[in-house]
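The structure appears right after this line, and notes come after that.
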Amino acid sequence: MIANLIGGFVSILLGTSLIGPVSIEVNAAACSSNATRSVTGTGDWACDSALYNSTSWGSTVLKLVPGFFALSILGIGIAVTYSSLREAGIV
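Going by the working numbering, the first residue of the sequence shown is number -3, and it counts up by one from there.
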């Protein structure tokens, strides 16, 4: 039981630490090579790509990827916790 909880905790830590890089890669994929990029006042890169700024389904799907990745990490945490508690006879 403790091993499963520790494994679940480690997977949640690794997953949440990867949310930022996943978001960065999604933004990089949305910004095509011919797009103009500029630094905003906060130091972030602003993308002027047609795909990223459009209202097409492609840009909508790309913008949803980090959120669904975070939801999948949440689901993994809930599943591991539930299975550990079920093996212990608590649930």
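Each residue gets a CB set at the ideal place from its N, CA and C atoms; glycine is no exception.
It should be emphasised that the depicted structure is a prediction, and the values quoted were computed from it without experimental measurement.
What number of angstroms, rounded off, separates the C-alpha of G3 from the C-alpha of V61? Between G3 and V61, the C-alpha separation is close to 25 Å.
Hey, would you say V22 sits closer than 7 Å to L58, going by beta carbons? With contacts defined by Cβ atoms closer than 7 Å, V22 and L58 form a contacting pair.
Classify I(-2) as buried or exposed, calling it buried when 16 or more other Cβ atoms lie within 10 Å of its own Cβ. exposed
Mapping DSSP to helix, strand and coil, what is I74? helix
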